[in-house]
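Remarks on the structure that follows.
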Amino acid sequence: MPVSPSSSSSSAAALAGLALAILLASLGGSVANVGLPALAAAFRISFQQAQWVVLAYLLLITLASVNAGRLGDQLGRRRALLAGIALFCVASVGCGAATAFWALIAGRALQGVGAALMLALGMAFVADIAPREQVGRAMGLLGAISAVGTALGPSLGGALIAAFGWRAMFWLLPPLGALAFALVWRALPAERGPAVEHAGFDIAGSGWLALTLAAYALAVTLKLDHSRGHFGALNAVLLLVAAVGCAAFVRTESRAAAPMLNLVLLRDPALAAGLFCNALVSTVLMATLVVGPFHLARGLGLDAAGVGLAMSAGPLVAALSGVPAGRLVDRHGAEAMARAGLAGIGAGALALALLPSSLGLAGYLLPLALITAAYALFQAANNTQALTGAAARQRGLVSGLLNLSRNLGLISGASLMGAVFAAASGAADIAVAAPPQVAAGTRVAFGLAAALMLAALLASARARRKVVPC
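If you're matching positions, the sequence shown starts at 11 in this note's numbering and goes up one per residue.
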């Protein structure tokens, strides 16, 4: 049954606990990126091996997203959320204490499972604790908090590593997790019984989904030629495995007595379009994280400190835009604001593709600000539309699907945009490419990003025509 805090103060405390849980999940993903060189040196491994510190976290978030929502719907969202926070804290302690690389990877994987529970159930709770007319504002707040975590991770992680070593970036997380646990425990009252009747766990469906997502994620992240981003035979085999796994998953779910994913949900054109657009938006957002550092360093000649400051501008704008974006959603409606967000992201990407490099840093930061502000608007609107349109007992599952589509987009963007950028530059090694080569790669990559946003707008319009008769 929905959780209804008895007073405005308990509702505010509950929202604070959810926001802190979202912050932890976002911070856990971004704080480790800056530590990869230190980890490679500490464990005497290659940089490619060290990347699994990030990849393990992202993969397990992706794999656990749908199951996280279903677990909350079956066992009760409060119980599952508290379990996710506790698992994240324990895993963070394990990461900080790891003396072998495999132990660190195992800890990061468990962190990812806990983060999936926090992300999926944190959003699902908003529709319960916030008045319906303020759901968009609350979604905007959580989106802003997520952006703060993304922006804070690299700078905070770098400072901790410089002062105390790489273990400190993991020791930071458990105290914050303990505070989130206490807030959620105190402010969200216990459910009176499970959210839905226990129907058992869909082991076969979970297995096929895990195989599909793992094979897909590996196919688009493993590159045999790292400098040019080309795929090879192994990538093709993994994509084939993912396709077979996807077909088997759909077949299994259509026949299961208690499927983990109710495929009927995807027959809703509005929800299906929202998930599709969410994946495309995340793919485009990843372009700013993959292409941006090379454009700033090689194309504009900024030093490492300058690149770091410039890269923090996007998440900062998203953080500042979150609450205003939510108010716009509450005032003008989720559907219209979602389309406005898609149009804004597309306009910013097109500007990056067309504006000359002679405009310098301003020519990059202004379109980036438009992209990230529009991203905040789209996220608030799309999440609000998806969750308020779902039945209360299915909000955990829908929230998990939103996170799943987002993470699939991030994984795809990390590979797709990087490969397009490297290939379009024409450089043998993008790390030492000349400024004109970097500019060429940037134009093509963001031209593709603009095209993806056009596809998202068309999908959104098509879904609306199916729902609203002409």
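For glycine and all other residues, C-beta sits at the position ideal for the given N, C-alpha and C.
Quick one: give me the first and last residue of the alpha helix (DSSP H) that residue i is part of.
i      : result
PRO184 : 183-197
ASP83  : 62-85
ILE381 : 370-398
ARG405 : 405-435
PRO269 : Where PRO269 is concerned, there is no enclosing alpha helix (DSSP H), given that its DSSP letter is neither H nor E.
SER292 : 279-304
Identify whether residue i lies in helix, strand or coil by the three-state DSSP scheme.
i      : result
LEU120 : helix
ASP235 : In this prediction, ASP235 scores a pLDDT of 44, lower than 50, which makes its location untrustworthy; the coordinate-derived value is nonetheless stated afterwards. Correct three-state label for ASP235: strand.
ASN245 : helix
ASP138 : helix
ALA7   : Here the chain covers residues 11 to 480 and nothing more, so residue 7 does not appear.
THR109 : coil
ASP340 : helix
ARG472 : helix
PRO366 : coil
LEU312 : coil
GLY332 : helix
SER216 : helix
VAL41  : coil
GLY175 : coil
ALA361 : helix
HIS208 : Residue confidence for HIS208 is low, a pLDDT of 49 falling below 50, so the modelled location carries little weight; the figure read from the coordinates is stated next. Three-state DSSP puts HIS208 in coil, outside helix and strand.
SER56  : coil
ALA401 : coil
ALA96  : helix
ALA9   : The requested residue 9 does not occur in the structure, where the chain is confined to residues 11 to 480.
ALA449 : helix
ALA438 : coil
Rounding to the nearest angstrom, what Cα-Cα distance links residue i and residue j in this structure?
i      : j      : result
LEU127 : PRO446 : 44 Å
ALA51  : LEU183 : 23 Å
PRO204 : GLY406 : Caution applies to PRO204, whose pLDDT of 49 falls short of 50 and renders its modelled position unreliable; the value that the coordinates give is listed next. Roughly 13 Å separates the two Cα atoms.
VAL63  : ARG472 : 40 Å
LEU360 : THR382 : 14 Å
GLY419 : LEU68  : 11 Å
LEU34  : ALA444 : 38 Å
ALA353 : VAL291 : 11 Å
GLY351 : ALA460 : 13 Å
ALA113 : LEU221 : 22 Å
VAL327 : ALA267 : 46 Å
ALA246 : ALA108 : 35 Å
ALA119 : GLY215 : 20 Å
ILE213 : MET270 : 9 Å
ALA401 : LEU414 : 19 Å
GLN144 : LEU464 : 30 Å
ALA192 : PRO185 : 11 Å
LEU28  : ARG196 : 12 Å
PHE135 : SER409 : 10 Å
ALA74  : SER368 : 45 Å
ARG54  : PHE456 : 36 Å
ARG88  : GLY150 : 22 Å
GLY255 : VAL230 : 16 Å
ASN392 : LEU152 : 13 Å
Going by C-alpha to C-alpha distance, which of the options sits closest to residue i?
i      : options                        : result
VAL470 : ASN272, LEU275, ALA348, ALA289 : A small correction: the amino acid at residue 470 is Ser; Val does not occupy that position in the sequence shown. Selected option, being the one with the closest Cα: ALA348.
THR72  : ASN272, ASN393, ALA224, ALA297 : ALA224
LEU310 : GLY370, ALA257, LEU426         : GLY370
ALA66  : THR222, TRP176, ALA449, ALA227 : ALA227
GLY484 : PRO334, ARG341, GLY39, LEU362  : With the chain represented from 11 up to 480, any question about residue 484 goes unanswered, as that position is not in the structure.
ALA42  : SER102, LEU250, GLY27          : SER102
ALA48  : ALA214, GLY436, ALA169         : ALA169
GLY124 : LEU28, MET149, LEU92, PHE111   : LEU92
LEU458 : TRP195, ALA31, LEU364          : LEU364
ALA357 : LEU306, LEU462, VAL300         : LEU462
GLY332 : ALA154, VAL194, ALA29          : ALA154
ALA280 : PHE111, LEU468, GLY428         : LEU468
LEU275 : HIS342, PHE259, GLY399         : GLY399
ALA386 : SER409, ALA396, VAL339         : VAL339
ARG403 : CYS287, SER425, ASP83, VAL100  : ASP83
ALA379 : VAL454, SER409, LEU295, ALA434 : LEU295
LEU2   : GLY324, LEU299, ARG337, LEU244 : The chain is shown only over 11 to 480; residue 2 falls outside these bounds and no answer can be derived.
GLU263 : LEU306, LEU285, TRP218         : TRP218
THR298 : ILE115, GLY284, ALA320         : ALA320
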